[in-house]
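Quick notes on the structure that follows.
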Amino acid sequence: MLPLPYPFDREYMQLALVSGIAMGTAAPLVGAFLVQRRLSLMGDGIGHLAFAGVAGGLLLEVWPVATALLVAVAGALAIERLRGRGRVSGDLALALFFYAGIAAGVVLAGASDRFDATVLSYLFGSILTVSAADTWTVLALGVAVLATMALIGRALFAVVLDEESARVAGLPVDALNGALAVVVAVTIVAAMRVVGILLVAALMVLPVATAQVLGRSFRTTVGLAMAVGVGSSVVGLGAARQWGLPPGGTIVLVAAGAFGVVSLTAERLLRRAGRAPALGSVPGTSR
Amino acid sequence: MTFAYGQEAVLDGVSVAVEPGEFVALVGPNGSGKSTLLRCLLGLLAPTAGAVRLFGVPPQSLGQRWRLGYVPQRPALARDLPATVEEVVAAGRLARTGWRRRFRAEDREEVEHAMSSVALLDLRRRRVSELSGGQQQRAFIAKALAGRPDLLVLDEPVAGIDAESQRRFRDSLTHLVEEHRSAVLLVSHELGAVAEDLDRVVVLRRGSVYFDGPPAELAATGVSLGVHRDDLPLWLEGLVAPGDVRH
Ligand SMILES: Nc1ncnc2c1ncn2[C@@H]1O[C@H](COP(=O)(O)OP(=O)(O)O)[C@@H](O)[C@H]1O
Ligand SMILES: [Mg+2]
C-alpha cells in the first residue's frame, strides 16, 4: 500500500486507481480510431458479447474474464469480417452481434442460476471489490493495448484516412483492421471490471469526443483524450468514495460532464488560442 | 481486360497502356466505368477476364508499392477528423517506409516537398477539416505525392474545386511529370486546366475504349478540351453526335 492522501488512502481505492488509470489511458486511445471510422458503438456491441462470455464462464464454472475475452475477441473479428466484406454495413453488423450477445448472456446467466450480484458486478463494474490479482490482469491488458497501439497506430491512422489508398500503398489493411478489433475486445474485457459492460464503451468514446473539440492534430487529440480519460477515472473514483456512489457510473458521468463543459466553452478557449472552433466537431452530428 | 460486378460487364475488352512519363487523361460519361478501370489497374479489383500489368508484373506481385500513387474519387474524409495537413500528407509516406520503419530526415523532407508542391506548406499545421474543398483535395494529392510515385492515378480530383486550386493542381502535376518523369493517369471532366500538357486522351464509353489518341486529334473533330471545355461532357453524354469523331 502506498501512502496516498484521501480518498486513495485505502488499499481497495489504490487498486481501483490502478485499473482506473490503466483503462482511462487505453480506452480513449483505442476509441480515437473507432470514432474516426464511425464505429463509436463497436465497444458497446463487443461489451454485450463479453457479457455472453461472462455468463458462459459462470455456467461452466471457469474464470469469467477468460471466457469473456474469448467470446469478445471472436466476436470482434467476426464483426470486422462482415464489415470488411461489405455485405453488411458496419452498424448493422454491430446490431446483429449486439442483440445476439445480450440475448445469449441472459439465457446463459439464467441457465447458470447466477442472475445475482455476480452478474450485476459485471454489468455495472465492481471496481471497489476487485482483487489484487484482477487489478494486475487489468494493468497487464492495458499495457498490452498501449504497446500494440504504439506499434500499429501510425499505419492505422493511414487506414482510417482512406482504406483504399492504404491498400494501394501496400499496408496490411486487413491485418491492421483485425488487430484493432482484437485490441478493442481486449480493452472492453479489461475495462468491464472498472465501469461494467453497460458503460464500458463510454470510456472509449466520451473522452475522444471532448478531445476532438479542442485538438488540431490527431496526435494531440489522442493525447488529450487519454488525459481526459485518466482525469475522469481519478475524479470519478474520488467522488464515488466521498459520496458513496457507484464508481463505474460516476466515472462515466464525470467524462460526460467534461464533454459538456468543453463543448460549451470551446469557442472561448479556442479563440484565446487563436483558432476558430471546429464546427461540427461533435461526433455523430455529421451523418 | 473485362470486368463485371455481377452479371453485366462494366468493362468489356478494354485495352489501355500508360508509358513511363506519359500524361494521360481518361474521360467518359458518368457510369462508363472509369473508377472501376482504375480499381482494376491498382489491384483493388480483379478483372473477370484478361490481365493487368503494373510495371510489368501483376498488381498483387508488385513489391515496391511506393511506385503507385492514388487519389481516390471523393476521399471519405470525416468532416470532424482531427488531423493536420502534415499528418495527412505524412500518412502517404508509409508507401515508402512500410508500416514499421520510423521516419528519417529524408522522409520528413519528402513530406515537406509534397506539401510545397501543392502550395500547402503555410497551412501544414491547420486542421484539414477547416480547409476549403479545393485545399483538402490538394492535401490528398500531396499525400499521394509523398511516396514520390512513378505512376500517379487520380480519380476526378478537380471536380467542383475553385479556379485557384485547379491552377495549383495543374502546376503540381506538370512539376511531377517534368521533374520526376512520373506518369500520370487522370480521370476528369475538367481538362481545360491541363489540356496543353496532355500526351493522350482515352475516352471510355459504355465500358469500351471509344477514342485513344493525342488531344489535338480529338480537338480536330471539333471537341476542344481547352477553350470550349464545356463541350466535352455534352459530347460524352451523347448529346452531340459522336459520329464526327474518327478514330
Ligand atoms: N461496387 C459496385 N457494385 C456494383 N456496381 C457498381 C459498383 N461500383 C460501380 N458500379 C457500377 O459500375 C458502373 C461503372 O461505375 P464507375 O466505374 O464508378 O463509373 P464512373 O467512374 O465512370 O462514373 C456503373 O454502372 C455503376 O453503377
Ligand atoms: Mg468515378
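First to last, the protein sequences are chains A and B. Everything in the first sequence is counted per the numbering used here, starting at 224 for the first residue and increasing by one. Everything in the second sequence is counted per the numbering used here, starting at 17 for the first residue and increasing by one. Cβ coordinates follow ideal geometry from the N, Cα and C atoms, glycine included.
The C-beta distance from Leu-61 (chain B) to Leu-202 (chain B) rounds to 20 angstroms, too long to fall under 8 angstroms, and the pair is not in contact. Chain-order list of chain A residues neighbouring Gly-163 (chain B): Ala-392, by C-beta distance under 8 angstroms.
With fewer than 16 other CB atoms across the displayed protein chains lying within 10 angstroms of its CB, Pro-74 (chain B) is exposed. At a cut-off of 7 angstroms, the C-beta of Arg-140 (chain B) has no neighbouring C-beta in chain A.
Taken in chain order, the complete beta strand (DSSP E) segments of 3 residues or longer contained in the segment 163-205 of chain B are 167-171, 199-203.
Excluding sequence positions up to five before and after Ala-462 (chain A), its CB lies within less than 6 angstroms of the CB of Thr-473, all in the same chain and listed in chain order. Between the beta-carbon of Val-200 (chain B) and that of Val-40 (chain B) there is about 7 angstroms, and that keeps the pair under the 8 angstroms contact cut. Classified as buried, Met-236 (chain A) has 16 or more neighbouring CB atoms from the shown chains inside 10 Å of its CB. Using beta-carbon distances, Thr-18 (chain B) does not count as an interface residue toward chain A, since no partner is under 7 angstroms. If you draw a straight line from the Cα of Leu-262 (chain A) to the Cα of Ser-224 (chain B), it is about 39 angstroms long.
A Cβ-Cβ distance of about 6 angstroms is found for the pair Arg-439 (chain A) and Thr-100 (chain B), placing them in contact under the 8 angstroms criterion.
The beta carbon of Asn-46 (chain B) sits closer than 6 angstroms to at least one heavy atom of ligand 1. Exclusion of Ser-263 (chain A) from the 6 angstroms shell around ligand 2 follows from its C-beta lying no nearer than that to any non-hydrogen atom of the ligand. Per DSSP, the continuous beta strand (DSSP E) segment holding Gly-229 (chain B) begins and ends at 224-229.
At a cut-off of 6 angstroms, the beta-carbon of Thr-18 (chain B) does not count as near ligand 1: no heavy atom of the ligand is closer than that.
Beta-carbon to beta-carbon, Leu-220 (chain B) and Lys-50 (chain B) are separated by about 6 angstroms, close enough to satisfy the 8 angstroms threshold. Residue contact check for Glu-387 (chain A) against chain B: a CB pair falls below 7 angstroms. Minimum Cα-Cα distance from Pro-470 (chain A) among the listed residues A:Ala-413, A:Ala-250, A:Ser-349, A:Ala-356 corresponds to A:Ser-349.
The criterion of a C-beta distance shorter than 7 angstroms is satisfied by Gly-280 (chain A) and Thr-290 (chain A). Within the chosen limit of 6 angstroms, ligand 1 reaches the beta carbon of Ser-51 (chain B) through at least one heavy atom. Annotation for Gln-237 (chain A) indicates a beta carbon at 6 angstroms or more from all heavy atoms of ligand 2. Taking 6 angstroms as the cut-off, the C-beta of Val-26 (chain B) counts as close to a heavy atom of ligand 1. Per DSSP, Ala-211 (chain B) lies in no alpha helix (DSSP H) and is assigned neither H nor E.
For Thr-248 (chain A), DSSP assigns no beta-bridge partner whatsoever. Relative to ligand 1, Tyr-322 (chain A) has its C-beta separated by 6 angstroms or more from all heavy atoms.
In the DSSP assignment, the residues bridged to Thr-18 (chain B) are B:Ala-65. Just so you know, the alpha carbons of Ala-367 (chain A) and Gly-376 (chain A) end up roughly 13 angstroms apart.
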